[in-house]
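Counting from 1 along the sequence shown, just add 1484 to a position and that's the residue number in the working numbering.
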Amino acid sequence: MPIRATRPATRLPGGRAAVAALSAALVAAVVGLSGCTLVEEAVREREAAASDTSPTAAAPADQDTGQDTGQDTGPTREPGEETTDDRPVTTLSVGGATIEVAAPAATVEAEDDTPGLHTVTLELAPGEVADLALTSAGALDVDSDGSVTVLDGAGTPVAALAPPAPGERTDGSTPRVTVSDVDPTHARLQVDDRVRPGEDPRAADETVRFTFAVGDHAIDRATWGENEGGRSLAVDPSDWVRHAGEAGLALVRAQLVAAEPEADSTTMDDQLVCHAVGAPDKATWNLEPWRPDVGLILTATAHCNPV
């Protein structure tokens, strides 16, 4: 899906950035699907966690290093700053969090057949933006695939926004959607109005309708059983979260570990990521605590079942 997010990549210590990137590419090739960003994000998080234990202290956030990072930090709107336009604001409550959606045209519909699931529909003309503001305690974490993780005040994922799905223009082209973080509690969605080669310039002026799912219920059930002669946890993720990108995976992980603390191990997390990337539509994601910790690459090579 042609979605771009402006979240900067985490810097890895030493030369491990190249290793992480190679690992992500290899896993994506092994599973045979376009889930590279999910794997890359998982590798980044683990390497970042490892770097936190490094004896080398990071520079304080307010310290001027005198170096230009060359990164565009995006809009500089202050947290809580009111917009000066007259866009209507729609309020969404999910996972104990409250999110305000400011857009020229927005609707929020609750899905009756899935608890805690909402579908947000936006209509934006090229260059127009929709702003998401978290008004409760916590943060909005914009992920690299355009999904957004909603964190509570303790930093725990409590909801996920799936990557927005734009509709087609009259010429059959699909508009690009940019999702960016404005500050820790604000995110912005914008239609890219640049015309790509082969596109009809008139189509680029069309108002675009796109939708995204917002939910807080990630797992329908998780039950222990036997598989290949050992204990196995059969995880049945909700349908919407299977395609909710990095934010969906973060929500599944948080709720799974909260319900089944034994799942908080490297080998079971590798199996979880492998299923999310390579077999999202499998009936259940079977995770076994007794499988060897061989790393994410070899777990994927073994079709999520290393022995």
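Just so you know, even glycine gets a beta-carbon here, dropped at the ideal spot from N, CA and C.
Owing to the predicted nature of the structure, the values given are computational and were not obtained by experimental measurement.
- Message: I'd like to know whether the C-beta atoms of T1605 and T1695 end up nearer to each other than 7 Å.
- Response: Indexing the sequence shown from 1 puts residue 1605 at position 121. Indexing the sequence shown from 1 puts residue 1695 at position 211. Cβ atoms of T1605 and T1695: closer than 7 Å.
- Item | Residue range of the unbroken alpha helix (DSSP H) whose run includes A1787 | Stepping through the sequence shown from its first residue, residue 1787 is reached at position 303. It is worth fixing the name first, because residue 1787 is His in this sequence and not Ala. In the DSSP assignment, H1787 falls outside any alpha helix (DSSP H), carrying neither H nor E.
- Leaving out the 5 sequence neighbours to the left and right, which residues in its chain are closer than 6 Å to G1699 when beta-carbon positions are compared? The residue you call residue 1699 lines up with position 215 of the sequence shown. Within the same chain, and ignoring the five residues on either side of G1699 in sequence, the residues whose Cβ sits closer than 6 Å to its Cβ are G1600, L1601, W1724.
- Should P1721 be labelled buried (16 or more other beta-carbon atoms within 10 Å of its own) or exposed? Within the sequence shown, residue 1721 is the residue found at index 237, counting from 1. The C-beta of P1721 has 16 or more other C-beta atoms within 10 Å across all chains shown, which makes the residue buried.
- Message: So, under 8 Å CB-CB, V1663 and G1579 are touching, yes? Tell me the CB distance rounded to an integer number of Å.
- Response: The residue given as residue 1663 occupies position 179 in the sequence shown. The residue given as residue 1579 occupies position 95 in the sequence shown. Contact flag wrong, Cβ pair sits at about 19 Å.
- Rounded separation between D1629 and T1707 - CA only: Taking the first residue of the sequence shown as 1, we reach residue 1629 at position 145. Taking the first residue of the sequence shown as 1, we reach residue 1707 at position 223. Going from the Cα of D1629 to the Cα of T1707 covers about 30 Å.
- Item | The beta strand (DSSP E) enclosing H1670, as first and last residue numbers | Stepping through the sequence shown from its first residue, residue 1670 is reached at position 186. H1670 -> beta strand (DSSP E) spans 1670-1675.
- How would you label G1611, buried or exposed, when you count the other beta carbons within 10 angstroms and need 16 or more for buried? Working through the sequence shown from its first residue, we reach residue 1611 at position 127. G1611 should be labelled exposed.
- Task: Give the secondary structure of H1701 by DSSP, where H, G and I count as helix, E and B as strand, and everything else as coil.
- Result: The sequence position of residue 1701 within the sequence shown is 217, counting from 1. Residue state, collapsed to three classes: coil.
- Kindly indicate the opening and closing residues of the alpha helix (DSSP H) around R1439. Any question about residue 1439 goes unanswered here, given that the chain covers just 1485 to 1791.
- Would you say D1627 and A1697 are within 7 Å of each other, going by their C-beta atoms? Your numbering for residue 1627 matches position 143 in the sequence shown. Your numbering for residue 1697 matches position 213 in the sequence shown. No, these two residues do not count as a Cβ contact at 7 Å.
- Query: For H1787, does the count of other Cβ atoms within 10 angstroms reach 16, so buried, or fall short, so exposed?
  - Reply: Taking the sequence shown and counting its residues from 1, the one referred to as residue 1787 is at position 303. It counts as exposed.
- At which residues does the alpha helix (DSSP H) containing D1753 begin and terminate? Position 269 of the sequence shown holds residue 1753. Note, D1753: alpha helix (DSSP H), 1750-1762.
- Task: Report whether the distance from the Cβ of D1629 to the nearest heavy atom of the ligand GTP is below 6 Å.
- Result: The ligand GTP is absent from the structure shown, which contains no ligands of any kind.
- Message: Can you give me the C-alpha to C-alpha distance between L1740 and E1607, rounded to a whole angstrom?
- Response: Start at 1 with the first residue of the sequence shown, and residue 1740 comes out as number 256. Start at 1 with the first residue of the sequence shown, and residue 1607 comes out as number 123. Whole-angstrom Cα-Cα distance: 35 Å.
- Are V1642 and P1659 close, meaning C-beta to C-beta below 7 Å? On the sequence shown, position 158 is the one that residue 1642 refers to. On the sequence shown, position 175 is the one that residue 1659 refers to. No, these two residues do not count as a Cβ contact at 7 Å.
- Throw me the rounded Cβ distance for the R1737 and W1774 pair, which I believe falls under 8 Å. In the sequence shown, counting from the first residue as 1, residue 1737 sits at position 253. In the sequence shown, counting from the first residue as 1, residue 1774 sits at position 290. In fact, because the Cβ distance is near 20 Å, the residues do not count as touching under 8 Å.
- Query: Can you pull the DSSP bridge partners for A1644?
  - Reply: Locating residue 1644 in the sequence shown gives position 160, where the first residue counts as 1. In the DSSP assignment, the residues bridged to A1644 are T1633, G1699.
- Let me know the secondary structure DSSP gives A1747 once reduced to three states. As a position in the sequence shown, residue 1747 is number 263, starting the count at 1. In this structure, A1747 counts as helix in the three-state DSSP scheme.
- Item | Exposed unless 16 or more other CB atoms sit within 10 angstroms - verdict on G1639 | For the purposes of this step, residue 1639 is identified with residue 155 of the sequence shown, where counting begins at 1. Burial call: exposed.
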